[in-house]
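Novice: My questions all concern the structure below.
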Amino acid sequence: METHGTISPETREAAADAFDRVGPTAQVVVRETAKAMEFDREEYRERVTGDVVETVRNALFAESLTVTVGSRAEFDEWCADHDEFEVVELGNPDVERVAWHPIPFAETVIATTFQNERDAAISTLRRNAFGRVYRDTILNDDGDVTRGSDTDGADTDSEADGADTDSEADGADTDSESEETN
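Written as structure tokens, this is what we have:
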């Protein structure tokens, strides 16, 4: 097994704190990108909106989530050891490799299967975890960070708002039609 990423929040509060911490980095990334694209002040004000910075912040948070990669047997063993977690598995259950991200406060583990394209599977998994759980957990309708109770269940049956789940071209078999929930 191998682990990638740095953000693995145990609570909603920890998720919101981690999300807050990537905000300044998102602003720097956007500013430096605009500078590299040679935006003048007017173009910067016109094109660099709060939505642009928020999109970068969402991506930075999602792409930093901790993901474990292992064999099907290792994932099945993890699930047996954590039977209180609802399993949301994307992809083909007959594929030998699995990437997964547990979300303790939601009692959910999001997983995706893959054969060869590990990096694509990891990225797809992170986008799905953000879209399925974290977005609604840490953002309110205005896009502001919320700090809700850790006793509330997260809705993991909804579509992955904005998450790219049809990624066959990148090697990850994650078409939402093949989704299985154990």
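Positions 1 to 182 (the UniProt record's numbering) are the ones given, in order, by the sequence shown.
Just so it is clear, CB atoms sit at the ideal spot from N, CA and C, and this is done for glycine as well.
Out of Tyr44, Ala59, Glu43, which has the shortest C-alpha to C-alpha gap to Val22?
Specialist: The shortest Cα separation from Val22 among Tyr44, Ala59, Glu43 belongs to Ala59.
Novice: Do you know how far the Cα of Thr55 is from the Cα of Thr112?
Specialist: Roughly 23 angstroms separates the two Cα atoms.
Novice: I'd like to know if the segment 86 to 93 and the segment 59 to 68 are in contact, where contact means that at least 3 CB-CB pairs between them fall below 8 angstroms.
Specialist: No: fewer than three Cβ pairs fall under 8 angstroms.
Novice: Ala99 lies in the beta strand (DSSP E); which residues open and close that run?
Specialist: From DSSP, the beta strand (DSSP E) with Ala99 extends over 97 to 103.
Novice: Rounding to the nearest angstrom, what Cα-Cα distance links Ile3 and Arg118 in this structure?
Specialist: Looking at the sequence itself, residue 3 is Thr, so the reference to Ile does not match. In a straight line, the C-alpha of Thr3 is about 12 angstroms away from that of Arg118.
Novice: When you compare only the Cα positions, how much space is there between Pro104 and Val48?
Specialist: Straight-line Cα distance between these residues: approximately 35 angstroms.
Novice: Find the nearest neighbour of Tyr134 within the set Arg97, Val53, Asp76, Thr108, judged by alpha-carbon distance.
Specialist: Among Arg97, Val53, Asp76, Thr108, the Cα nearest to that of Tyr134 is on Thr108.
Novice: Using 8 angstroms for Cβ pairs, my map puts Val67 next to Val30. What's the rounded Cβ distance?
Specialist: In fact, because the Cβ distance is near 25 angstroms, the residues do not count as touching under 8 angstroms.
Novice: Verify whether the separation of the beta carbon atoms of Arg57 and Ala15 is less than 8 angstroms.
Specialist: Going by C-beta atoms, Arg57 is not nearer than 8 angstroms to Ala15.
Novice: On a CA-only basis, which of Ala18, Val98, Glu84 is nearest Asn116? Give me that one, please.
Specialist: When only C-alpha atoms are compared, the closest one is Val98.
Novice: If you run the structure through DSSP and keep just helix, strand and coil, what is Phe130?
Specialist: Phe130 falls in the helix class under three-state DSSP.
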